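Trainee: Read in my numbering, the sequence shown has 1681 at position 313, and its numbers run on one by one without any break.
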Amino acid sequence: MNLVVVESPAKAKTIEKYLGSNYRVLASFGHVRDLPSKNGSVDPDNDFAMSWAIDTRARKRIKDIEDALKDADKLILATDPDREGEAISWHLLELLGNKKVLKGKPIERVVFNAITKNSVLTAINNPRQLDQELVDAYLARRALDYLVGFTLSPVLWRKLPGARSAGRVQSVALRLITERETEIEQFNPREYWSVTADMSTASGAFSASLVRLDGEKLDKFSLNDEAKAKDAEAKVKGANLSIKSVEAKPLTRNPQPPFTTSTLQQEASSKLGFSATRTMQTAQKLYEGVNIGSETVGLITYMRTDGVSMVGEAVSDCRATISSNYGDDYLPSSARMYKSKAKNAQEAHEAIRPTGFGRTPSSLNLSGDEKRLYELIWKRATASQMASAKLERTTVTVVDARDSLALRATGQVIRFDGFLKLYEAPKSKSDDDDTDSKLLPPLKRGQDTDAKTVVAEQHFTQPPPRFSEASLVKRMEELGIGRPSTYASILKVLQDRDYVTLDKRRFTPSDKGRLLTAFLEEFFAKYVEYNYTADLEEQLDKISSGDLEWKQMLSNFWNEFSTHVDGTKELRITHVLDALNIALKTVAFPEKEDGSDPRKCTNCDDGELSLKLGKFGAFVGCSNYPECKFTRPFGAGDGEDSEAQDTELGKHPELGDAVWLKTGRFGPYVELALPADTDMDTKPKPKPKRASLPKGWGWQTIDLDKALQLLSLPREIGKHPEDGESISAGIGRYGPYVVHQRTFASLGEVHEVWEVGLNRAVTLIEEKKASRGKGRTQNVLKELGKHPTDEAPVQILDGRYGAYVKWGKINATIPNGQDVDGVNIDMALEYIAEKQAKGTKKKPVRKKPAAKKKPAAKKKPAAKKPAAKKTTAKKTPAKKPAAKKAPVKKAPSPKT
């Protein structure tokens, strides 16, 4: 028997069917170990030695692989065909080698670019050895990210309270978002006017725009006020016009190449409204295998790739499908060849394409996200081999008798649709902005025409738009920042840490995010520069290709970076505040309408407002503190008084009842009003349906559609295949979840509540059941330092109900909403002190049960006198009833 190890259980089931009874396929469920979140996991002083920790959930999977390996003749590592997949295979080999279970058995490495029977069997018959250069690139990236995070984050905790952490690539992506916001805020709109005329001829009507006036060519801002525009309008109305020229120019539009990871995320965002995470999760399912009725098969090739080419057999399959479905007119004489233009592109893999072009979207039994994304991938890949579209652009110039005034009209006609029959590709930068699909009537040179209607219209220039996920991914790829396969996780981290918000599919930096970016730009400018970050990516790519030794790369980086960090140790908070006051003056001290000094305190005569740093972040305070205690939140709309008002969002489309946004004791929520004819005299009284807003959903962003989404929960996903009982999804106190017979399993993101399918829900439920009753290993998440009283370690541990601070026998809860990465030793000592105080106050309450024995003592005087003496001896405890009340009065104090 041969043992094959893959990453996901879905892939394992599909591959095992293809390989037959002589193979057993097990899943590692992704990474099996990682660097623990504590100091010392990477040791630069010990040749960058790494201390790995086995993931708690992976222990059983490793044990299953060990047990299966005992009866196996060969171990085949078949994890994903990328750097992470190579790393997972390396980790497994390291673990199995340390446990001495390999015992000289043959070890092979195979990769599947597609989960089809042919691809799997071909890969099995062509094994290779582990690619150590890819592993080295993984180790370098992992160590680099760790060293930046665990060296820079403590600096933030000391110098910028309230900041959570700073990641190497996340910080640069955040800088892009904050710089765009600054551009928008500093943008000064310019006024300009346009003059258009509806022209009439014997052969038809068309619209034209004024392009020349008084013999001078007009640019965008030539008509910059109403007077000039009205003068131009009058001259057009009074002119005798005729057609000077009609020019028809043939154009060719070529199809775009098949998708890469980046372009798939961009197109899925713009065309389907998918987030990067949603796109990659759906693509993963299509790659690993989907049940299409008669069989389970991988429908697309591997979805983490920079390559834009397709292998020869795929191109032949594609061209045959085009010829069969659309005819030879839509098939170019030779196959198209594509080469990536992206910076740092690694073209080791094919582009993302269907595993079989004959599986058209309409022929498959797909639904939901899988159907929509597969259709997008199939159309894009098929169109990439189709004939070019043939168009004709016509330009008509209309002049007056003196040729001093001219208007221009453009139109476009599709002579042959080519690939446009299947897929409308995005316009490239070379496409003319004037090009549109307007049709022009038949026109001739010298033909007279009249301006029936002339309109002068005012415009203002617009600021650049905020980044969407698609445009941010595109910009990061252009700059060479990060790898496309990591973009989804980068954007998620920025949102999870509350550095940015995503509203109407556009990113806006939070005040916390702007503060962090300003700090890094001021004191760590080099490490958030776009070119520097891109250069690091190039070095990592050189490690992958064997052109750079990974530890040498780390050494070069660390020597400079650690020296720079050491230089900030003497940095005083006053220096930080002075720099931030300048960098963030437009945010912290916006200009006043009356022109007065925006930094003058409104509460005292001579105070100056300045940024202050508190335990929970930045705020604006007066320089005369403590005499003047004026404070306000940093940034507009971030104050405690920013609360949702009771607002009717609209009517339920089916029930007709009002849907409200309200604020209650625990924050904003949505409510479906009771029908007007509800009998309120019934017992128990009926209650309206309500739903709290999940984390990350600001009340300002809630509209009727979002409210209806929340009120529709819980959502039934389907029936469990084994017992037929319902599986549903909802949002609870601890976030989004799926549930089956009181077994709850968490979901990663809120949007998954409405998207998770039955297969994934069953997998999550079964994983949760399998993890029960096995005891929880106390995993140290973070070493904070030593307690000042006894030098005992203070740590953050991963507990059953979340992370907590541990010192000796005291376990202190970390407040809700506080990110673990942001907890430092000072904060931990506060939590410990609060826990100790609560424990002291509870001691009198614990003695209450002993006080209840007094009634038995009262019976003893009826017995012999010696017994009466015992009663006398216990008179002091008999006064305890008075003491019982004191703890009751103090009971609320631990909560305050």
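Positions of the beta carbon are idealized from the N, C-alpha and C atoms, including for glycine.
Here the structure is a predicted model, which means the values were calculated and not measured.
Indicate the three-state DSSP secondary structure (helix, strand or coil) for residue 2179 in the structure shown.
Mentor: strand
Trainee: Note down, in chain order, each residue of its chain lying with its Cβ closer than 7 Å to the Cβ of residue 1380, except the 5 sequence neighbours on either side.
Mentor: Correct list, in chain order: 1374, 1393, 1394 and 1395.
Trainee: So, at 6 Å on beta carbons, what are the nonlocal neighbours of residue 2126 in its own chain, with the 5 sequence-adjacent residues on each side left out?
Mentor: 2085 and 2086
Trainee: Report buried or exposed for residue 1678, applying the criterion of at least 16 other Cβ atoms within 10 angstroms of its Cβ.
Mentor: buried
Trainee: Taking the C-alpha atoms as reference points, what is the distance between residue 1978 and residue 1517?
Mentor: For the pair residue 1978 and residue 1517, the Cα-to-Cα distance works out to about 29 Å.
Trainee: With distances taken from CA atoms, which of 1441, 1442 and 1457 is nearest residue 1448?
Mentor: 1457
Trainee: Evaluate residue 1817 with the Cβ neighbour count: other Cβ atoms within 10 Å of its Cβ, from every protein chain shown; 16 or more gives buried, anything less gives exposed.
Mentor: buried
Trainee: Check whether the region 1538-1548 and the region 1876-1893 touch, using three or more Cβ-Cβ pairs below 8 Å as the test.
Mentor: yes
Trainee: Just to confirm the assignment, what range does the alpha helix (DSSP H) spanning residue 1943 have?
Mentor: 1941-1951
Trainee: Can you confirm whether the region 1697-1711 touches the region 1415-1423 when touching is taken to mean that 3 or more C-beta pairs between the two stretches lie within less than 8 Å?
Mentor: No: fewer than three Cβ pairs fall under 8 Å.
Trainee: Going along the chain, which residues of its own chain have a beta-carbon closer than 6 Å to the beta-carbon of residue 1926, five neighbours each way excluded?
Mentor: If you ignore the 5 residues before and after residue 1926, its C-beta comes within less than 6 Å of the C-beta of 1412, all in its own chain and listed in chain order.
Trainee: From this set, 1835, 1753, 2056 and 1636, which residue's C-alpha is nearest residue 1737's C-alpha?
Mentor: 1636
Trainee: Using 9 Å as the threshold, is the C-beta distance between residue 1827 and residue 2122 below it?
Mentor: no
Trainee: Could you name the residues of the same chain whose beta carbon sits closer than 8 Å to that of residue 1969, not counting the 5 residues immediately before and after it, in chain order?
Mentor: 1975, 1976, 1977, 1990, 1991, 1992, 1996 and 1998
Trainee: For residue 1629 versus residue 1669, is the C-beta distance shorter than 9 Å?
Mentor: no
Trainee: Rounded to whole angstroms, what is the Cα-Cα separation between residue 1426 and residue 1400?
Mentor: 5 Å
Trainee: Which residue marks the beginning of the beta strand (DSSP E) containing residue 1898, and which one marks its end?
Mentor: Segment 1898-1912 is the alpha helix (DSSP H) holding residue 1898; no beta strand (DSSP E) there.
Trainee: Between which residues of its own chain and residue 1651 is the CB-CB distance below 6 Å, once the five residues before and five after are set aside?
Mentor: 1671
Trainee: Between which residues of its own chain and residue 1604 is the CB-CB distance below 8 Å, once the five residues before and five after are set aside?
Mentor: 1563, 1565, 1578, 1773, 1775, 1819 and 1822
Trainee: For residue 1645, which residues in the same chain have their Cβ closer than 7 Å to its Cβ, ignoring the five residues on either side in sequence?
Mentor: 1856, 1860 and 2117
Trainee: If you count every other CB in all the chains shown that lies within 10 Å of the CB of residue 1839, and 16 or more means buried, which is it?
Mentor: Counting Cβ neighbours within 10 Å, residue 1839 comes out buried, since at least 16 surround it.
Trainee: Going along the chain, which unbroken runs of the alpha helix (DSSP H) with 4 or more residues stay wholly within the region 1489-1551?
Mentor: 1500-1527
Trainee: Along the beta strand (DSSP E) that carries residue 2022, what are the first and last residues, could you check?
Mentor: It is not in any beta strand (DSSP E) - residue 2022 carries neither H nor E in the DSSP assignment.
Trainee: Return yes when the Cβ of residue 1782 is within less than 9 Å of the Cβ of residue 1757, no when it is not.
Mentor: Yes, Cβ-Cβ distance for residue 1757 and residue 1782 is below 9 Å.
Trainee: Looking at residue 1444 and residue 1665, is the spacing between their C-beta atoms short of 9 Å?
Mentor: no
Trainee: Which term fits residue 1481, buried or exposed, when burial requires 16 or more other beta carbons within 10 angstroms of its beta carbon?
Mentor: buried
Trainee: At a cut of 8 Å, does the region 1497-1512 reach the region 1906-1917 through at least three beta carbon pairs?
Mentor: yes
Trainee: Quick one, which of 2206, 1934 and 2028 has its alpha-carbon nearest residue 2036's?
Mentor: 2028
Trainee: Which residue marks the beginning of the alpha helix (DSSP H) containing residue 2074, and which one marks its end?
Mentor: 2072-2079
Trainee: Tell me whether the beta-carbon of residue 1847 lies closer than 9 Å to the beta-carbon of residue 1902.
Mentor: Result yes, Cβ atoms of residue 1847 and residue 1902 sit closer than 9 Å.
Trainee: Provide the residue span of the alpha helix (DSSP H) that contains residue 1887, from first to last.
Mentor: 1879-1891
Trainee: Report all residues from its chain with a CB closer than 6 Å to the CB of residue 1853; omit the five preceding and five following residues, and keep chain order.
Mentor: Once the five neighbours on either side are set aside, the close Cβ partners of residue 1853 are 1629 and 1672.
Trainee: Quick one: Cα of residue 2213 to Cα of residue 2203, how far?
Mentor: In this predicted model, residue 2213 has a pLDDT of only 43, less than 50, meaning its place in the structure is not dependable; the value taken from the coordinates is given anyway. Roughly 16 Å between the two C-alpha positions.
Trainee: For residue 1589, count neighbouring C-beta atoms within 10 Å of its own C-beta (all shown protein chains included) and say buried if the count is 16 or more, exposed if not.
Mentor: Per the 10 Å Cβ criterion, exposed.
Trainee: Quick check on residue 1497: buried or exposed, where buried means 16 or more other Cβ atoms within 10 Å of its Cβ?
Mentor: exposed
Trainee: Less than 6 Å between C-beta atoms, sequence neighbours within five positions excluded: which residues of the same chain meet that for residue 1873?
Mentor: 1836
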